[in-house]
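Engineer:
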Amino acid sequence: MTRLRFDGLALYALLYLVFLYLPVLFLPLFSFNDGTIVAFPLKGFTLKWYGQLGEADTLIQALFNSLIVGGVTAIVATGMGLFAARAYVRYTFKGRELSEGLVMLPLVIPGIIVASSMLILFISMGLQPSLATVILGHVFVALPFAVSIMKSAFDEFDQSLEEAAYDLGETVIGTFRRVTLPIVAPGIISSLLVTFTVSFDEFVLAFFLSGNQPTLPVYIWSQIRFPAKLPNTLALGSLLLLASVALLLTAEYFRRRSVRRAA
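Quick note, the working numbering runs 825 ahead of the 1-based positions in the sequence shown.
(1) Closest by CA to Phe1033, which one among Trp874, Phe855, Asn890 and Leu944?
(2) Using a Cβ-Cβ cut-off of 6 Å (strictly less than) and excluding sequence neighbours within five positions of Asp859, which residues of its own chain qualify?
(3) Pop quiz: Leu1030 and His963 are said to be a contact at Cβ under 8 Å. What is the actual Cβ separation, rounded to whole angstroms?
(4) Mind reading off the beta-carbon distance from Pro853 to Leu1066? Whole number of angstroms is fine, and I expect it under 8 Å.
(5) Quick check: the Cα distance between Ile1093 and Pro1011, rounded to an integer number of angstroms?
(6) If I measure Cβ to Cβ from Glu925 and keep anything under 7 Å in the same chain, skipping five residues before and after, which residues do I get?
(7) Under 8 Å, with one C-beta from each stretch per pair, do the stretch 1000–1020 and the stretch 946–959 reach the 3-pair mark?
(8) Mapping the DSSP letters down to three states, classify Phe870 as helix, strand or coil.
(9) For Val928, I'd like the list of residues in its chain whose CB is within less than 8 Å of its CB, leaving aside the five on either flank, ordered along the chain.
(10) Measuring alpha carbon to alpha carbon, tell me which residue in Glu922, Val894, Phe851 and Leu839 is nearest Leu1017.
(11) Give the single residue among Asp832, Thr903, Gly876 and Gly1036 whose Cα lies nearest to the Cα of Leu952.
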């Protein structure tokens, strides 16, 4: 009975993974298709769609916009998450649970609600849609990821190390810079990579808040509506897929390294 149950769960997990990732695997497959129609059989093998990516000025500008938004979002969200996580792990204060719940709230709020609410808020404040408003929205969405990763890093941190530094006459700032930061550095790097990926791939907020400065996901959406542009979009999507997987694997490596170092 146990063996049968195990085989059934394994089969279910396999079917689930196939259902989830098989459509994603078709993306790079059709990006090498010589035809413009996404269908089997393939017309032939070609790399010309990848070669044409560098000739699109609007694509390069959208990529540059996404890199700016993702980089600033990662730095701001990780900085805020670093101190928030330290406070949640080390201290007990009134309203801590409520505060932590509010920080994690963007994970359960529908993106369309957040985007429309932020658009109304920013316009009422006199802020026109731009990369600055996209950054503000992405920090709001990426902050829960930063806090979760940094909490994991601080959970395994030995407080006696800081106490030893205090006993030796080191200041609070000096202890944080020389003792705490080096130990949780892998967690910081992991948070930077994850929040950058979250921002770089985010579409709904960017669609509402970018105005005439589209990010890369918004640009892809504008191109995918035209059949002639579809092969270039598939090639671009394949490269983004590869980059996202590489960033997430790197982030997971540094997260595990942070846990091992703290232990």
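We put the CB at the ideal spot given by N, CA and C, even for glycine.
Structural biologist: The answer reads as follows:
(1) Counted from its first residue, the sequence shown places residue 1033 at position 208. Among Trp874, Phe855, Asn890 and Leu944, the Cα nearest to that of Phe1033 belongs to Leu944.
(2) Reading the sequence shown from its first residue, position 34 is the one you call residue 859. Lys868, Gly869 and Thr871.
(3) Here residue 1030 is taken as the residue at index 205 of the sequence shown, counted from 1. Here residue 963 is taken as the residue at index 138 of the sequence shown, counted from 1. Their Cβ separation, rounded to whole angstroms, is 6 Å, which keeps Leu1030 and His963 in contact under 8 Å.
(4) Your numbering for residue 853 matches position 28 in the sequence shown. Your numbering for residue 1066 matches position 241 in the sequence shown. Between Leu1066 and Pro853 the Cβ distance is about 7 Å, and since that is below 8 Å, they are a contact.
(5) It is not possible to answer for residue 1093, since the shown part of the chain is limited to 826 through 1088.
(6) Here residue 925 is taken as the residue at index 100 of the sequence shown, counted from 1. Contacts found: Tyr913.
(7) no
(8) Here residue 870 refers to the residue found at position 45 of the sequence shown. Note: Phe870 maps to strand in three-state DSSP.
(9) Position 103 of the sequence shown, counted from the first residue, corresponds to residue 928. Same-chain partners within the cutoff: Ala909, Leu968, Pro969 and Val972.
(10) On the sequence shown, residue 1017 is found 192 positions in, with the first residue counted as 1. Out of Glu922, Val894, Phe851 and Leu839, Val894 has the C-alpha closest to the C-alpha of Leu1017.
(11) Stepping through the sequence shown from its first residue, residue 952 is reached at position 127. Ranking Asp832, Thr903, Gly876 and Gly1036 by Cα distance to Leu952 puts Gly1036 first.
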